[in-house]
Every structure is written in C-alpha cells, then in structure tokens.
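Participant:
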Amino acid sequence: MNVKSTVLRLSLKKKNKLEKFINPAKRLFYELTRLKLEYHGFWRVSYNKYYSLSVDKIIKGKFDEYKVYRGLFFRYEILDNQPFLVIDPITRVVTKDSLWTIISKLGESKVKEMLEKEERYVVASQVRGKIPTFSVKKAVTLRTDLRAGKDKIISVEEKKYTIKEYYSDYKKLPEIAEIIDDDEPLIEVKGGYWYAPSMAHLVMRTKDLEEDIDEVKEEVYLTPERRFGQTQRFLKVINPLSNPKYPTIPKLEFKETPESFDDSVFEPPDLLFGNDVRNLKIEGFDGYTSFLKGNLKKHGPAKSLPALSANDRIAIVYPREYLTENHVRGFYTDVSRLSKKYFRASLPRWNRVYLWEYTGNDTTEVYENYNKFRDLVRAVICILRYKDDELYFEFKDAFQDKPCQMSTKDLILKKYDLPEGKKHVYFNSVLNLACGLLGKMGARPWLLARKMKGDLYLGIDTKPGKIVTFVLVNANGDYVAEARYPIKKLKVDEEIVRAAIVKLVLSNLKLLPKDREAHIVIHRDGDFYESEKRGVELAKKALKEKSLSLTFTLISIKESIPYRIFYEKNNKKFPCVPGSFVELSDDIGVLASVGWPLIKQGLAQPLLIEIVRNERSEYSLNDALSEIYSLSFLHWEGIVKKLKMPITIEYADEYSVFAERGIDIIGPPL
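Below, the structure is given as structure tokens:
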C-alpha cells in the first residue's frame, strides 16, 4: 500500500480568494473561533489554546488520582490565497484533590516550599459574569500569613473583601463561598492575585508523570488514532465557523478530512568521526546511541582535544556532606577512562587534579583556591547537591573564564545503586558529561561530513526584554562564535542586528569564500520582525562598504505549533519517523526532526519553518528543511537523546540563559 503523510490541516469547502485581505481575514477567523469556543464553555490558557469545561475522565495512577482535561491548540494559515485551519488536541492533567486537601495531607510548610522552589502551576476555579470557568496561573507562594475568611485583601469599588466575602457578598455566589474554609491560607499567583487552595488543583508536569503507570501516560501521549479522533471532536465544535455577534458574515465550513501528501522523509546526514564518514541509516534510529558510541570508539572524534601541557590541571568542586574523596576519585576515573576510550583524549592524571570541597552554601574556600591556582586550571567539573541547585549559576559565573561542566551527586552515587544489568545507564550519563566537557575544551566529537549550501549559519534567540543571543556555525555544523546584546522589548532593534552580523563576519573572514559571493543563512527562533530584517540590510550595506559582498536567507523556525504529521497505511494511522517533512507552499514547510522510534509514546510535534527572505534563487525550501534537520544532529551532549532544534537555535537558546545573568561562558553551551 502507498504510504501517505497526513498533516492535520483542514481547508474550507468553498474556495475564497483572500490575497488582498490576508491579515484582516486571519484576525476575523481567530476572533470568530475564540467567541465560538467561549460560547460553548471552553476556557483559555494561553494564545489560541482552550480547554473544555468538563473533566474528560478521572484516572488512578501509582501515586495519586488525576483529572484529565482535553482541549485544542489552533492556528490559521492562508496559503495560495486559501484559508486553512490547523488543530492539535492538548491535554491538561491536574490532581483530583484540591490544594487544600493536599495541604491537609502534607502540611502548609511543605506545600509552601514546593510552590516557592519549583515552577508549579495551578488550575483555579473562576467565575466570569455568572459563568463558571477555570484559569491556569503560575503559583508564587503559599501565603500562610493570610486566611481566606479573615484577611480583607481584595479591593473593589472602594470596599475591601476577604476571598470568601468576595464570592458570597460581591459576586453573589454563595455556592462557591461555601466550599472555602475560613482558615485556608492563600495561594499567591503571578500577577498579584490570590486564590483559596480549595479552589485550586495542582497541574501535573510531564516529569511528574514519567514514573507513573502506563494508563496515565497513555492519556498524555495520545496515539495517532486517538489524536485524530480528538481533532475531529474539536473540529465539530468550531465547524461551521459562525457567531451571532457577526450575523452578516456567512458561515465558513471546513472539510473534515485532513490534507494528505506523498511520503517525504529525509535520510540522516553523513557524519564525520575521525577521518571516516558514517550514516545512521544502517543502524536505524533504534540504535541511535550505539551508533554514536560505536563510531566514536572505532574512529575517534572529528576533531581531537587540543594537547594539554604538563602543568594543566582539572579542578573538581564537590559537596562534602554527600560525597567523599573516594567517591569523586572513582567518578573522575570513569570520566578519564571514557574520554580515552571514545575521544582518544588524555585528561590529567589523578595527582594533577585539584579537589575543592564546599559545605552548604559556603563556597569561600573554593574561590580562595581558584584564585590561587587559576592559571593552572584548564577546566572545572562542579558537582551539585541536586538538579536545581541554586549554586548552578553561582559556579557558572565564578568559573566563566574556564570550560565548566556540571554534574550532580545523584549521578555519582547512581553507580552504586544500579544492578549490574543497568550499569550502562550510569556510564552513558558519564559519557554524555565527558562529551560536553571535551566539547567545551575544544574537541569536536562529530561534524557533518558534507558541507551545507551556505557558508555561515547564524542562530538568533531572544529573552524578550532582556537579551538577544547570536550563535555562528560553519558549513560543517561546527560551533564558531557567539555574541549577545541587551534588549528592551520583544523585537530586536535593527542596529543590534547590524552590529552583531558585522562583528561576527569580520571576526571570521577566513570562513568566507574568496572566489564568489558569500551566503549566510539566518535561523530566527520564532517570528522574524521587520526591524530585524532591516538590521540584516544594514549589515549587508556596511559589509559591502568593506568590499565584502554577501547574500542572505532569513528563516523563521517555530517550535510551539499545532501541526502534526502521521502516516496512513491500510486505513490505519502511525507515528511519523525522524526526517518526515511536508512542503506546504514554496516558502513554508513542516519538519519532524524527531519521531518514532526516538519517541516511543505519542506523536512528534514538528517544527514550522518559513523562508521569509531569500536572496539565493538556487537555495530552496527543501534545502532549508534538509539543513535544519542535519543541524539537529550536531549537539555534542546528545549521545543519549537526539534534540529537536538545530544547533543554531539550540545553542543560542542555551547561551541566552547565561547571558541574561551576565555570564559569558567558554565554548559551546553543552
């Protein structure tokens, strides 16, 4: 049977030419859809994401009982003058117990600590008008100094109310006030609002459910068949698109069958290990980790670690409450052995390793030692007490002028906890760490064996209102350099874009061809704004004044989109494989850079890729999709797990985490 790629994109039954009204038409479609969803009781959680008011089901897990809400993420596209509706079902899992019940079980102090130390969200009951609804809010803390029935903290029309009075007296909803206990502390959420814990349920994160039973995970990671069924369910809410508020607008009716395309899959790129070219298609994605390990072991890295001098030292920082020198020595022995075995790199012997211990948050002695021996230290390994340790950024800042690799005491102690048959889990993690450390020190575990069409590739990522980061990569996928600038808003100012491009190009002239016009491909995480496009033009003009002629291709890459790709065969639906892609138009495509069997459950969420400007006619959308796929293989700390984004964007995103804190780390952010 012929296999088809199916994109969950629905076209109108009647064709409409909209070339002159694209933006007004899209605004109208969005407004009509939101009004219709809210008319049917759906509640909004973020931009174009809505959930049904009713609980879809209650499931019993290993640790708790959960409520499951179903909803949709929707988007409109107008391509070739025709409108298309894109729908993706979404799922929200919350605790069946209210936070008030959880407080009664765990105590106020423990729940307060959880809300303050972890990034947790709550689904809280609300009333808009007289209609019950919900809202998702980020919890800030549990205000144990305030009580729901005693402290008047809500001001309305120059009168103050307690949370309980607000619903009973002001909203005239005694049925809600009755469930609120006078002695409940208050949940403070982002934005300066308060809720009674009896009104709120804790949103479960993916990592909270990873260890739970399959029945729970099956509700989160829907099979292609179930996802398609949920898509049809929510299409029947929207279709036909109409609203009494706009009686003069005719009903817009969408087809109920998604569009199908001929099967299109990119092969994995040829990768260079040592002097040998290897391709994953022989082993297949089931053997992704063994492919990388096997070729590193057999051929070595594409670029070896620069030689260390006899005076070079490695410093290891560790918490003495959790680890002894013997633990650390065993760990370093494993790092050194795996570095030699897979990367042919010789790290300093144990007698040339500095051991600096700390206790609690007291790191004074560590920094005294570092200042004394700074010139001898080649790299630093910092062992944290736990995953989200507050010392993470402190250490990154303190050692920012050295390659610095982080680990945790849990990884080191895992070696002694795992049975022999599962020891590979520990050693794979240590190998991943060694790969990151050596990559920062100058080694290149693997590279693209064939040069891409562009000469340089530039990734742009922003932390709106804080920082923009630019990362430069060469035609073989090797990290070259980065630049960062503070920004005051969402869009990057044209002068910043100009300055960054000019600086990075002039600093790397040796990478440009001398016999032809150079081609730079720019990947922007999210929308490419007009000010940023103008910045590229200004950079092009400035470089031309220095006798450098360049052409640019500007590409927008979006990760959070409602597209999905699956295969249909014999009337059955299957998850897509890595490399699956669909060209929606001459300039827009959808690419699944990961998929089955890398993702064992659910369906991969692809990237939406759009060429927003192209000055090279021979550079096509197919080239852009293929190269973005190839660059997703180049994250050198990805031995255990392949990443979704190309390293142009991935590195820029990871750099920005440090850049917004004023930390300028050494080497790629591995």
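For the sequence shown, this note's numbering assigns the number 507 to the initial residue and increments by one for each residue that follows. We put the beta carbon where it would ideally sit given N, CA and C, even for glycine. In this text the structure is predicted, and so the values were computed from the model without any measurement.
For the beta strand (DSSP E) that Asp562 lies in, which residues bound it at each end?
Facilitator: No beta strand (DSSP E) holds Asp562; DSSP gives it neither H nor E.
Participant: What span of residues does the beta strand (DSSP E) with Asn980 cover, start to end?
Facilitator: Ile973 to Asn980 is the span of the beta strand (DSSP E), which, as asked, contains Asn980.
Participant: Here's the rule I'm using: 16 or more other beta-carbon atoms within 10 Å means buried, otherwise exposed. How should Lys995 be labelled?
Facilitator: Exposed.
Participant: Since Lys908 and Phe1164 are thought to touch, with beta carbons under 8 Å apart, how far apart are those beta carbons, to the nearest angstrom?
Facilitator: In fact, because the Cβ distance is near 14 Å, the residues do not count as touching under 8 Å.
Participant: In the DSSP assignment, find the alpha helix (DSSP H) that holds Lys929 and state where it starts and stops.
Facilitator: Its alpha helix (DSSP H) spans residues Lys929 to Lys946.
Participant: Label Leu1012 either buried or exposed according to how many other C-beta atoms from any shown protein chain fall within 10 Å of its C-beta, with 16 as the threshold for buried.
Facilitator: It is exposed - the Cβ of Leu1012 has fewer than 16 other Cβ atoms within 10 Å.
Participant: Locate the beta strand (DSSP E) running through Val1201, then write down its first and last residues.
Facilitator: An answer regarding residue 1201 cannot be provided, because it is not within the stretch 507 to 1176 covered by the chain.
Participant: Decide yes or no for the touch test of the region 862-869 against the region 822-829: beta carbon pairs closer than 8 Å, at least 3 of them.
Facilitator: Touching, yes, given that three or more Cβ pairs across the two stretches are closer than 8 Å.
Participant: Which residue wins for smallest C-alpha separation from Val1088, given the options Asn938, Ile973 and Phe767?
Facilitator: Nearest option by C-alpha distance: Phe767.
Participant: Judging by CA-CA distance, which residue of Lys928, Glu1000, Ser935 and Asp1031 is the nearest neighbour of Asp967?
Facilitator: When each option's Cα is compared against that of Asp967, the closest is Asp1031.
Participant: Can you give me the C-alpha to C-alpha distance between Leu919 and Ser610, rounded to a whole angstrom?
Facilitator: Leu919 and Ser610: Cα-Cα distance of roughly 34 Å.
Participant: Would a C-beta distance cut-off of 8 Å place Arg598 and Val629 closer than the cut-off?
Facilitator: Yes, these two residues count as a Cβ contact at 8 Å.
Participant: Which parts of the region 1108-1155 are runs of the alpha helix (DSSP H), unbroken and 4 residues or longer, counting only runs that do not cross its ends?
Facilitator: Whole alpha helix (DSSP H) segments, 4+ residues: 1127-1137.
Participant: Can you list, in chain order, the residues of its chain whose CB lies under 8 Å from that of Ile1172, leaving out five sequence neighbours each side?
Facilitator: Taken in chain order, the residues that qualify are Gln906, Asp907, Lys908, Pro909, Cys910 and Lys946.
Participant: Run through DSSP, which three-state label would Trp549 get?
Facilitator: DSSP places Trp549 in strand when its eight states are reduced to three.
Participant: Quick one: residues in its chain with C-beta nearer than 8 Å to the C-beta of Thr512, no 5 flanking neighbours on either side, listed in chain order?
Facilitator: Confidence in Thr512 is poor, its pLDDT being 49 and thus under 50, which makes the residue's placement unreliable; the coordinate value appears in the next sentence. Result list for Thr512: Pro764, Glu765, Ser766, Phe767, Ile1071, Phe1072, Tyr1073, Glu1074 and Lys1079, in chain order.
Participant: Put Ile788 into one of helix, strand or coil per three-state DSSP.
Facilitator: Of the three classes helix, strand and coil, the one that applies to Ile788 here is coil, per DSSP.
Participant: Which whole-angstrom value describes the C-beta separation of Ser558 and Phe548, a residue pair presumed to lie in contact below a C-beta threshold of 8 Å?
Facilitator: Confirmed, about 6 Å.
Participant: How would you write the range of the alpha helix (DSSP H) that Phe772 sits in, first residue to last?
Facilitator: It is not in any alpha helix (DSSP H) - Phe772 carries neither H nor E in the DSSP assignment.
Participant: So, helix, strand or coil for Arg733, using DSSP?
Facilitator: DSSP places Arg733 in helix when its eight states are reduced to three.
Participant: In this structure, what does DSSP give as the bridge partners for His805?
Facilitator: For His805, which the question treats as bridged, DSSP gives no partner whatsoever.
Participant: If I follow the unbroken beta strand (DSSP E) through Met620, where does it start and stop?
Facilitator: Where Met620 is concerned, there is no enclosing beta strand (DSSP E), although the alpha helix (DSSP H) it sits in stretches over Glu614 to Lys623.
Participant: May I have a chain-ordered list of the beta strand (DSSP E) segments no shorter than 3 residues that lie completely inside the region 829-906?
Facilitator: Qualifying beta strand (DSSP E) stretches, in chain order: 859-864 and 883-890.
Participant: Helix, strand or coil: how does DSSP classify Lys510 here?
Facilitator: Only weak support is given to the placement of Lys510: the predicted model assigns it a pLDDT of 47, under 50, and the question is left unresolved by the model.
Participant: Nearest by alpha-carbon distance to Asn1077: which of Ile1115, Phe734 and Glu1051 is it?
Facilitator: Closest option to Asn1077, Cα to Cα, is Phe734.
Participant: Report the rounded CA-to-CA distance for Val662 versus Gly698, giving the unit in angstroms.
Facilitator: Cα to Cα, the separation comes out at about 15 Å.
Participant: Check this for me: beta carbons of Val695 and Lys644, under 8 Å apart or not?
Facilitator: A contact, by the Cβ cut-off of 8 Å.
Participant: Can you tell which of Val974, Pro951, Val979 and Arg950 has the C-alpha that lies nearest to the C-alpha of Gly960?
Facilitator: For Gly960, the nearest C-alpha among the options comes from Val979.
Participant: In the DSSP assignment, find the beta strand (DSSP E) that holds Pro825 and state where it starts and stops.
Facilitator: Unbroken beta strand (DSSP E) run through Pro825: Arg819 to Pro825.
Participant: For Tyr1035, which residues in the same chain have their Cβ closer than 6 Å to its Cβ, ignoring the five residues on either side in sequence?
Facilitator: Within the same chain, Tyr1035 has close Cβ partners Lys997.
Participant: Count the other CB atoms, across all protein chains shown, that sit within 10 Å of the CB of Trp856; report buried if there are 16 or more and exposed otherwise.
Facilitator: So Trp856 ends up on the exposed side.
Participant: Going by DSSP, which residues form a beta bridge with Gly1095?
Facilitator: Gly1095 is bridged to Glu1089 and Ile1115.
Participant: Is Ala1045 closer than 8 Å to Val1083 when the C-beta atoms are compared?
Facilitator: Contact flag unset, no.
Participant: Count the C-beta pairs between the region 1049-1062 and the region 1014-1023 that are closer than 8 Å, then say yes if the count reaches three, no if not.
Facilitator: Cβ pair count under 8 Å is three or more, so yes.
Participant: Give the DSSP-derived three-state secondary structure of Glu1166 in the structure shown.
Facilitator: Three-state DSSP puts Glu1166 in coil, outside helix and strand.
Participant: Starting from Pro680, follow the alpha helix (DSSP H) in both directions and report where the run begins and ends.
Facilitator: Element bounds for Pro680: Pro680 to Ala683.
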